[in-house]
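With UniProt numbering, letter number 197 in the sequence shown gets 197, and the count goes up by one each step, no holes.
Glycine included, each C-beta is placed from N, C-alpha and C at the ideal position.
Just so it is clear, the structure is predicted and the values come from calculations on it, not from any experiment.
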Amino acid sequence: MQAVSVQSFGGPEELKIAELPIPSPGKSQVCVKLFAAGINPVDTYKRAGVYAQLPQLPYTPGTDGAGIIHAVGEGVTQFREGDRVWLSGSVTGTYAQYCTANLTDVHLLPEAVSFEQGAGIGVVYRTAYRALFTRVATKPGSVVFVHGASGGVGIAAIQLAISHGCTVVGTAGTPAGLELIRSQGAYAVLHNQEGYMEEVLAMTPEKKGADVILEMAAHANLDKDLKLLKKNGTVVIIGSRGSVEINPRSLMTTEGNIVGLLGLGSPEELQSVFDGIQERLEKGSIKPVAGVKFPLSEAAESHVEVIEHKMGTTGKVILVIEH
């Protein structure tokens, strides 16, 4: 099979196509024939060798993917060959034509959801779900502000919040991003203009601000977020690329909160998270958005795009895998 192989840590050029044997599933595992894989920023950190827990070299990147069951391992009864599935984790890596996965990371993919959409579920919906419902107990009727809403996590957050009965305002940096946010049922504001936070405030009900703020770039935006919080509101930090200076009095005034989020969790919590995602997926209340797409041979370009957004941030960056 064709797969992306990383032989040494470094830049995107380390992502190279290799011929590898199709992996065999072990006990309580399946082998999946993949048609799409999701690209996440954490994939680039691991490839660069700057992540806390690094894979053993050589390795094939990728945790998110979608395809059909190719083979089942010992003890597997809930899936059979040919089942359409999406993956929230992988043993051998999803930047490949085939991969193995543990049963806890394998989920049935509804017929109405494409493989490319399915490859965009795992990390981003897990992150958004935990931000809204684990780190914060977001209530129906809450006002949610997604600061940087046109990417994978942002779109997932909009869909989850709206399906929960919330009012959502999101920002984007391009007209295409604004249109995507609006198409999901949220209010949209261009965030690369002077005074845009005043426009965000004006879009919240009664101009009173947000109960929950999901922040993708805390190093640039956290101080601005604090000024938008309602009484007892919470900012959830999902991403940050540096330090930031804030005025603590902003928190004192609202008796607000700042919490951090890492995309992990206990096995029990993750099972609950994925059950919630699966239920909404089957009901059609969430619909993953596949954004910029690359063939497997252009994995290096996909890593540049997921960080630099040269082609615009509109949904999830996807690798399309042909056979």
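Residue i (DSSP reduced to helix, strand or coil)
i	result
LYS224	helix
ILE258	strand
ALA137	coil
LYS46	helix
SER243	coil
ASP87	Sequence inspection shows Leu at residue 87; the Asp mentioned does not correspond to that position. Here LEU87 sits in strand by DSSP.
VAL144	strand
HIS164	coil
TYR98	strand
SER24	coil
Cβ neighbour criterion (16 or more within 10 Å) applied to residue i
i	result
THR100	buried
HIS70	buried
SER183	exposed
THR167	buried
ARG126	buried
ALA210	buried
SER302	buried
Neighbourhood of residue i by C-beta distance below 6 Å, restricted to the same chain and skipping five residues each side
i	result
GLU116	ALA36, ALA290 and ILE318
LYS293	ILE318 and VAL320
VAL304	PRO12
Closest Cα partner of residue i within the set the options
i	options	result
ARG19	ALA3, LEU251, GLY11 and GLU322	First, the residue type needs correcting, since residue 19 is Glu and not Arg in the sequence shown. Per the Cα distances, ALA3.
LEU264	GLY256, THR134 and ASP225	THR134
HIS147	ASN102, GLU111 and LEU226	LEU226
GLY65	ILE121, ALA137, VAL113 and MET1	ILE121
residue 329	ALA161, ASP105 and ALA112	Within the shown structure, residues of the chain are numbered from 1 to 323, placing residue 329 beyond reach of any answer.
ILE181	GLU194, GLN159, GLU198 and GLU268	GLN159
THR253	LEU228, LEU261 and ARG241	LEU228
ALA149	ASP43, ALA217 and GLU111	ALA217
Cβ neighbours of residue i in the same chain (closer than 7 Å, five flanking residues each side left out)
i	result
VAL124	GLY152, VAL153, ALA156 and LYS316
LEU73	At residue 73 the sequence reads Gly, which differs from the Leu that was named. Excluding positions up to five away in sequence, the list reads PRO25, GLY26, LYS27, SER28, GLN29 and VAL30.
ALA299	VAL4, LEU15, TYR95 and LEU319
VAL76	SER28, VAL30 and LEU103
GLU269	THR134
THR60	ALA3, VAL4, SER5, THR92, GLY93, TYR95 and ALA96
CB of residue i within 8 Å of CB of residue j, strictly
i	j	result
PHE9	ALA52	no
MET203	VAL169	yes
PHE274	HIS164	no
VAL143	PRO205	yes
GLY177	THR314	yes
VAL212	VAL136	yes
LEU214	LYS207	no
Neighbourhood of residue i by C-beta, 8 Å cutoff - its chain only, sequence neighbours within 5 removed
i	result
GLY82	ILE68 and ILE69
SER297	ILE17
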